[in-house]
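Structure record follows, encoded as structure tokens.
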Amino acid sequence: MQPSGVHERRSHMRPLRRALAPAVALVAALLTLTTSSAAPERADGGGTAARKLLGGPGDLLVGAVLGFDRGRLDGREFRSPDPTEETAHLGNWVEFHRDGTVSGTYGCTPFRLTADVRATDLTLTETGPKAESDGCPQAIANFEQQVGALFTGHLTLSERKHTPDDGSARLVDLTNDRGDYLTLSEIRPAQGFFDTQWDFYFAQYDDGGQYEGPKDAKVSWIFHEDGTMTGKLPCNDFTARAHFTGDEVTFSTPTLTTHRKCSEDRSAEDESWLHAPPPSTYGVFDHGSLLTFRPENPSGPEPGRRLEDNFKRAGSR
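When we follow our numbering, the leftmost residue of the sequence shown carries the number 3, and every step to the right adds one.
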């Protein structure tokens, strides 16, 4: 059995919401996901060409997706508000695209900026009028104002050292000229996510049960920046399309690329990974070695709902 505390280190992922759909298998939990209506979208999947590294904490930003975690404004510290039933769907995130643009959502309000990212500093510039959102819960609205006041202009960069309360995601501090700062927590790393083999690790259920995958077989996925996805099931290989928007991912229906003759059990295992899914969020943890998918509406009876699906980077312990 895998360590039950593994999910406790992912506090920045959105909380689970009540299930509405029937139980599905793991890949089923990932293939027809919807993106947040409040979040701006990009049609492209990014470039595959190797890029020159900056040689500092700026390398933690370009190509990465991060969450707004905490900060200090005018000498007063603040944190991202704890989610409630009302705000569970209002996750915040920011993506630093490789073309120099930045997009994301503060929670209720989407934004788009340009960023000149260097090794140890960056400059953020507005690209148009600020968006407005009506009916935002007060706690989120307050947080948005604090983040918006800091996430602008010239900022110096530094990687924050972890404390026991920080969990396992990497943290980056953005500090303005007045000494106020904003801390971002890594959701998807700038390097090492795409073109990397992720091996299925285990699924976690709300009754404490776990599923550790098929016996004597490996399930693995590889995501590519051009939006394609390849992988191996217990018997056959497959391909699909993967679209990442902030902390959510959507997949097309997978297509088998091999048609090997397998045992009835192996064929059944393959089939169990090829069903339609609920929307999910995702995050990378444990220094880039653990990839977690969490459905917004966990499926199955209570107790017995499938809460998380976890993958380990190939070769990691």
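Positions of the beta carbon are idealized from the N, C-alpha and C atoms, including for glycine.
Could you have a look at Pro297 and say whether DSSP puts it in helix, strand or coil? strand
I need the boundaries of the alpha helix (DSSP H) containing Gln148, first residue and last residue. Gln140 to Leu152
Could you check what DSSP says for Leu62 in three-state terms: helix, strand or coil? helix
Below 8 Å on the Cβ atoms is my contact criterion, and I expect Phe80 with Gln148 to pass it. Report the Cβ-Cβ distance as a whole number of Å. 5 Å
Rounding to the nearest angstrom, what Cα-Cα distance links Cys237 and Cys264 in this structure? 6 Å
What separation, rounded to the nearest whole angstrom, lies between the Cα atoms of Leu292 and Val221? 15 Å
Suppose the cutoff is 6 Å on Cβ atoms and the five residues either side in sequence are ignored; what does the same chain contact list for Val8 look like? Low confidence applies to Val8: its pLDDT is 49, below 50, so where it sits in the model is not reliable, and the reading given next is rough at best. Correct list: empty, nothing qualifies.
In this structure, how does DSSP classify Ser105 when only helix, strand and coil are distinguished? strand
Those residues which DSSP pairs with Trp275 across a bridge: None, per the DSSP bridge assignment.
Nearest-angstrom Cα distance between Ser318 and Pro131? 45 Å
Write down the C-beta distance between Asp228 and Leu309 rounded to the nearest angstrom, noting that I regard them as a contact closer than 8 Å. With a Cβ gap of about 31 Å, Asp228 and Leu309 do not count as contacting.
Please name the residue, chosen from Cys110, Asp179, Thr116 and Thr154, that lies closest to Glu134 on a Cα-to-Cα basis. Cys110
Under 7 Å Cβ to Cβ from Gly150, same chain only, skipping five residues before and after it: list those, please. Tyr108
Gly210 versus Arg307 - alpha carbon distance: 10 Å
Stretch pair the stretch 78-92 + the stretch 116-125: three plus CB contacts closer than 8 Å: no
For Asp76 and Ile224, I'd like the C-alpha separation in whole angstroms. 44 Å
Less than 8 Å separating the beta-carbons of Thr185 and Arg162? yes
With H, G and I counted as helix, E and B as strand and the rest as coil, what does DSSP make of Arg78? strand
Please classify Gly248 as buried or exposed, where buried requires at least 16 neighbouring CB atoms within 10 angstroms. buried
When the Cα atoms are used, what is the spatial distance from Leu56 to Glu97? 17 Å
Neighbour-count burial assignment, Val26, 16 or more Cβ in a 10 Å radius: Bear in mind that the predicted position of Val26 carries a pLDDT of just 33, short of 50, making it too unreliable to give a figure here.
In angstroms, rounded to a whole number, what distance separates the CA positions of Phe153 and Gly215? 42 Å
Rounded separation between Phe145 and Glu128 - CA only: 19 Å
If I'm right that Asp71 touches Ser187 with Cβ under 8 Å, what's the distance once you round it to whole angstroms? 4 Å
First and last residue of the beta strand (DSSP E) that includes Leu126? Asp123 to Glu128
Does the beta-carbon of Pro305 have 16 or more other beta-carbons within 10 angstroms, so that it is buried, or is it exposed? exposed
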